[in-house]
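Student: Heads up: the sequence shown at position 36 corresponds to 36 in the UniProt record's numbering, and the numbers run straight through without jumps.
Please read through the structure below; I'll follow up with questions.
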Amino acid sequence: MDNDARQSYRDLVAASIADPETFWGEAAGLIDWITPPRQVLDDSNPPFYRWFAGGRLNVCFNALDRHVVHGRADQTALIYDSPVTGTQRRYTYAQLLDVVARFAGVLRDLGVGKGDRVVVYMPMVPEAVVAMLACARIGAVHSVVFGGFAPAELAARIEDAEPTVVVSASCGIEPSRTVPYKPMLDEAIERSAHKPDHCVILQREQLTCEMGERDLDWDQLMHPDAVAPAACVPVEATDPLYVLYTSGTTGKPKGIVRDSGGYAVALRWSMTNLYGVQPGETWLCGSDVGWVVGHSYIVYAPLLTGATTVLFEGKPVGTPDAGTYWRLVDEHDVVAVFTAPTAIRAIKKQDPDATLLAGHDLSSLRTLFLAGERLDPDTWRWATDHLGVPVVDNWWQTETGWPIATNPVGIAPFEIKPGSPTLPTAGYDVRVLDETGREVGPGTEGAICLKLPMPPGTLPTLWRDDDRYVSSYLSAFEGYYLSGDGGYVDEDGYVFVMGRTDDVLNVAGHRLSTGSLEEALAGHPAVAECAVIGVSDPLKGQVPRALVVLKAGIDPDEQGREQLAAELVQRVRSEVGAVAALRQVDIVEALPKTRSGKILRKTMRQIADGQEALVPSTIEDVSVLDDLGPVLRGS
C-alpha cells in the first residue's frame, strides 16, 4: 500500500475540518451551478449551519441533462432488473431524461410547483426513480415512503408532509406474494387530516386496482400527446430536495430534511472518492428507494456522477436463490456492490459454502460495500474469502445522508480492520465522549458524536421543527451532534461502532457493548447470525442473553443444541471474559428485523423484560417477533 497516499488522505480530512470553506468550495466545482454560491459555509446562526448560501442549481439537471449535453446521451443510466416479474429494462441518459421531463410536466399540470410536496409510495420500479427526479426538476420536495408501509404510518407521513400529489402503484411484488398498495393508500388518505389533490397510480399487470375520483392513471398521463415536458426550475442550494421520515417513529414522524446544494456536492464527491466508482461504470446498490441508502446511492450519487445504476426488484435470497447478486454482477458488469450485512448473512445462511458463485463471472467486481447494521468480523471474513475482493464497511445514518466513516478506496485504500468502518470521511469531526461530555482516549468506549458543523449533505434540520432537531440531536452535548451509536476510536484513528447506545449492557457495573459479544458468537462455524440483548436481573442489573440462527443444513437434536449452547457460552467467556456473564443461548429460526436489515434488539429486550414492546412500523415480518415471544418471555 502507498503510505504517502494514505497520509495525504489523512491530511485531506484534517484540511476539510480545519478549513471547510476551501475544501468544499473546491468540491462544489463537481456540480453545475446556475448561480455560484456567494458563501460556502454560512455559520451565522449556529447550530443551524447552511452550505453554499446564494448558490442556485437544479439537481435533476445535474443528474441527467448535463450528461446528455456532454456526450453521455446514449450511455445506459439505469438498468431495471426484476426477477420477481421476470423483466428487465434499460434507460439511456437521453431516454431517462425524456421520461423524467414528461412526468415533471404531469406534476406541473396537476398543480405541483416549487416547494410543494409529493409523496412517493411505490415498489422498486423505474417509475419511482422517475417520480423523484421529476420532483427535483420542478423544484418540488419529494417524500418517499417505503412501498407497503401500513396505512397508519403512511397517513402520518401524508399528514405531516401535506403533499399536493401522491404517486403510487397498484401493487408491490414479494417473492411469495403480491402486496396490494392501493387499498392501503386509500385507507391512509381516509385517516389523514390532509387530503392530496390527486393520486397518480401506476397500474401493474400482476394486480390492477380500482380507481377513485382523485386517482389518475400513470400511462394515460404520460402519453406523448397528453403532456409537454417540463424544463428545470432553479432552486436555492439551501432549498429542500426531499424529506425522508425515519423508521420507528411514534406519534408525529420525524422528517429528515435534505438540502439541494450540499447534498449534490457531497454525493458527487463521495461516489468517486469514497466508493471508487467512475463515470460510465456500473454500480449495484441492493437497497430500496424508501431508505436513505436508496435515495443516495441508487438514485442521486450514481446519476450525478454519470455512472450506470442497477435498480433491483428482488431479495438477496429467494429470487430465485442466494446467488442472485452474483448473477447481477455477471450480467451487468458491476464494479461495486453496496448492500447490508444482513443480506450477506442471509446469503451465507442459505449457501454457507458459496457454491452458487460457480458459473458466474465476477471479474468486473472490485469492491463489496456493506452498511446499515454492524458488520461483524465473521461475515466480513466469509465474504472476503469467497469473493476475493475488499469487503468495505461504511457507517452512516439517515440523518447524515452519506458515510461518516469508511475506507476511501477511490483515493487510498487503507488496511482493513475487521469490525471497523475505517476512518472518518471528509468534513466529519468524530469524537467519542463520556457521560459528562469529555472526550475519551483511544480504545475507550463512549458516545460517538460529531463536532459541529457537520459537512454538506447532512440534515440541516427537521421538517418544520427546528426545536425537535435541537432536542433530538444537539442537546446532549453542546456543540455536538449525538449519533446515538456507541463505540471507540483506536490508536490509528480507526472508528469502531459497537451498536446503539441503548444496546449497551450494564452487567454488575461493567458496561459491555452487544457488538463485542455478538462478535464472539458469530465466529462459531455453526452460526449464521445472532443478536445479544440485555435483560433485567435483580442481582447484576442486567445480564446478556443470546439468540442465535444456525446456518442452513445444521439442525441438531436437543442434546446437540445444549452442547452448541455450551460452546457458545464458552466462546464468549474466552473472548470477552467471565464478566460478560452470558448464561442463556436460545437457538431460533429467525431474528426480527426492519426492512432495511436492522435487528430489533430493543423490541426483543422489552418483551424479555415484560414491558410493552414498541414494534416499529418498518418491521419486515411481524410473525418472526410473534414466534419469538414465548422464547423471550421464557414461557
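Even glycine gets a Cβ: it sits at the ideal position worked out from N, Cα and C.
Being a predicted model, the structure only gives us computed values, none of them experimental.
Could you please give the first and the last residue of the uninterrupted alpha helix (DSSP H) stretch that includes LEU517?
Tutor: 514–522 is the span of the alpha helix (DSSP H), which, as asked, contains LEU517.
Student: Taking all protein chains shown into account, decide if SER143 is buried (16 or more other Cβ within 10 angstroms of its Cβ) or exposed.
Tutor: buried
Student: Going by beta carbon distance, what residues of the same chain come within less than 7 angstroms of GLU159, once the five residues before and after it are set aside?
Tutor: SER192, ALA193 and HIS194
Student: Could you give the DSSP three-state label for VAL588: helix, strand or coil?
Tutor: coil
Student: Can you confirm whether the segment 162–173 touches the segment 296–310 when touching is taken to mean that 3 or more C-beta pairs between the two stretches lie within less than 8 angstroms?
Tutor: no
Student: Quick check on DSSP: helix, strand or coil for LEU362?
Tutor: Here LEU362 sits in coil by DSSP.
Student: Can you tell me where the alpha helix (DSSP H) with ARG345 in it begins and where it stops?
Tutor: Start and end: 341–350.
Student: If I follow the unbroken beta strand (DSSP E) through CYS232, where does it start and stop?
Tutor: Element bounds for CYS232: n/a, residue is neither H nor E.
Student: With DSSP run on the structure shown, which of helix, strand or coil describes THR379?
Tutor: Helix, per DSSP.
Student: Whose C-alpha, out of VAL389, ARG345, TRP402 and THR355, is nearest the C-alpha of ARG374?
Tutor: Answer by Cα proximity: ARG345.
Student: Apart from the five residues on each side of it in sequence, which residues of its chain come closer than 6 angstroms, Cβ to Cβ, to MET184?
Tutor: Same-chain partners within the cutoff: PRO151.
Student: Contact between the segment 95–110 and the segment 57–65 is defined here as three or more beta-carbon pairs at a separation below 8 angstroms; is this criterion met?
Tutor: yes
Student: If you drop the 5 nearest sequence neighbours on each side, which residues of the same chain put their C-beta closer than 8 angstroms to that of PRO316?
Tutor: GLY286, ALA322, THR324, TYR325, THR339, ALA343, ILE344, ALA346 and ILE347
Student: Can you determine whether any heavy atom of the ligand GDP sits closer than 8 angstroms to the C-beta of GLU562, and answer yes or no?
Tutor: Summarising the ligand content, the structure contains no ligands, and the ligand GDP is consequently not present.
Student: Can you have a look at PRO37 and say buried or exposed, based on whether 16 or more other CB atoms are within 10 angstroms of its CB?
Tutor: buried
Student: At a cut of 8 angstroms, does the segment 416–425 reach the segment 470–479 through at least three beta carbon pairs?
Tutor: Cβ pair count under 8 angstroms is below three, so no.
Student: Under 8 angstroms: do the segment 4–20 and the segment 214–227 share three or more Cβ pairs, one atom per stretch?
Tutor: no
Student: What does the alpha-carbon distance come out to for the pair LEU267 and ALA531?
Tutor: 32 angstroms
Student: Comparing alpha-carbon positions, which option in VAL549, HIS386, TRP463 and TYR245 lies nearest LYS349?
Tutor: VAL549
Student: Pick helix, strand or coil for GLN95, following the three-state DSSP scheme.
Tutor: helix
Student: Distance, Cα to Cα, ILE34 vs VAL277?
Tutor: 26 angstroms
Student: Note down, in chain order, each residue of its chain lying with its Cβ closer than 7 angstroms to the Cβ of CYS60, except the 5 sequence neighbours on either side.
Tutor: VAL100, LEU133, ALA136, ARG137 and CYS232
Student: Looking only at DSSP bridge pairs, what is residue 637 linked to?
Tutor: This structure cannot settle anything about residue 637, because the visible part of the chain is limited to 1 through 635.
Student: Any idea what DSSP makes of THR142, helix, strand or coil?
Tutor: Correcting the residue type first, residue 142 is His in the shown sequence and not Thr. In this structure, HIS142 counts as strand in the three-state DSSP scheme.
Student: Under 9 angstroms, do GLY534 and GLY487 count as touching if we go by C-beta distance?
Tutor: no
Student: Helix, strand or coil: which one does DSSP assign to GLY498?
Tutor: Here the sequence assigns Met to residue 498, which means Gly is not the residue at that position. Three-state result, MET498: strand.
Student: Is it true that the CB of GLY523 sits closer than 9 angstroms to the CB of GLY499?
Tutor: no
Student: Do you know how far the Cα of GLY290 is from the Cα of ASP296?
Tutor: In the sequence on display, residue 296 carries Ser and not Asp. About 11 angstroms.
Student: Ends of the beta strand (DSSP E) at THR22?
Tutor: Note, THR22: premise wrong, no beta strand (DSSP E); alpha helix (DSSP H) at 20–27.
Student: What residue from THR398, ASN394, HIS198 and VAL569 has the CA that sits closest to VAL409's CA?
Tutor: ASN394
Student: Could you tell me the boundaries of the beta strand (DSSP E) in which ASN394 lies?
Tutor: 391–395
Student: For VAL106, collect the residues of the same chain with a Cβ closer than 6 angstroms to its Cβ; drop the 5 residues on either side in sequence, then sort them by chain order.
Tutor: LEU221 and VAL227
Student: Out of ILE79, ALA613 and ALA354, state which residue places its alpha-carbon closest to the alpha-carbon of THR282.
Tutor: Nearest to THR282 by C-alpha distance, out of ILE79, ALA613 and ALA354, is ILE79.
Student: With 16 as the cutoff for other CB atoms within 10 Å, does ASP333 come out buried or exposed?
Tutor: exposed
Student: Kindly indicate the opening and closing residues of the beta strand (DSSP E) around LEU311.
Tutor: 308–312
Student: Use the C-beta contact count for VAL13: other C-beta atoms within 10 angstroms, 16 or more gives buried, fewer gives exposed.
Tutor: With 16 or more other Cβ atoms within 10 Å, it is buried.
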